[in-house]
Amino acid sequence: MLRAAINWAQRELEWDIPNPFGGGKLKKPAPRARWLTHAEAAALIRAAEKVPKARHLARLHKEGERIASIKKGFASAVKAAGLDDVHPHDLRRTFGSWLVQAGVPIQAVSSLLRHSDIRITDRVYAHLSPVTLKSAVDVLDGNVISRCPKKAKAPAERGF
């Protein structure tokens, strides 16, 4: 409360006083970057089919009933699969990364992930597309080689 009062006085009354209570904002946590391997994904699906709380996760529906929450079922499946530090959002990241690695265009991945802006998809997944980078380098190599002047023949080779 005192911090807010001092901030108000600095801003509205243009007081030039230090605020010893300033800088109280929490730091943002580091972003997580976790993708599942194919083996982890398969283990998670097998576990979801066996764990009663998680069976609906393997089929993405629960016999026509609305799924209220996947938290407990997902946590049970992760535990049964023997995986550590796996969260539902990791499945989304895995989905996007596997698509990009398979050569699916970034625009299609962005649409499937329902990103509001393609720049989000590009920032998160573009580095996973070695095919795109290779094809870009191949284009450059082809253009550079075709534009290089051919080696001139020596005068003796030209018949002088």
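Numbering (the numbering used here), first residue to last: 8 to 167.
Backbone N, C-alpha and C fix where the C-beta goes; we use that ideal spot for every residue, glycine too.
The structure displayed is predicted, hence computed values, not measured ones.
In three-state terms, what does DSSP make of I24?
coil
Could you check the C-alpha separation between F28 and W15 for me, to the nearest Å?
13 Å
State the DSSP-derived secondary structure class of V111, mapped to helix, strand or coil.
Three-state result, V111: coil.
Can you give the Cα-Cα distance for P25 and R10, rounded to whole angstroms?
10 Å
Whole angstroms is fine: what's the gap from D91's alpha carbon to L135's?
23 Å
Over what stretch of residues does the alpha helix (DSSP H) that includes I127 continue unbroken?
I125 to Y132
Taking the C-alpha atoms as reference points, what is the distance between H18 and A12?
One detail in the question is off: residue 18 reads as Arg in this sequence, not His. Using only the alpha carbons, I get a separation of about 10 Å.
Taking all protein chains shown into account, do 16 or more other C-beta atoms lie within 10 angstroms of the C-beta of S117, making it buried, or fewer, making it exposed?
buried
Determine whether the beta carbon atoms of W42 and R126 lie at a separation below 8 Å.
no
Would you kindly report the start and end of the unbroken alpha helix (DSSP H) that includes L9?
L9 to E19
Between V131 and G110, is the Cβ-Cβ spacing less than 8 Å?
Taking 8 Å as the cut-off, the Cβ atoms of V131 and G110 do not count as close.
To the nearest whole angstrom, what separates the beta carbons of A84 and A55, a pair I think is in contact under 8 Å?
4 Å
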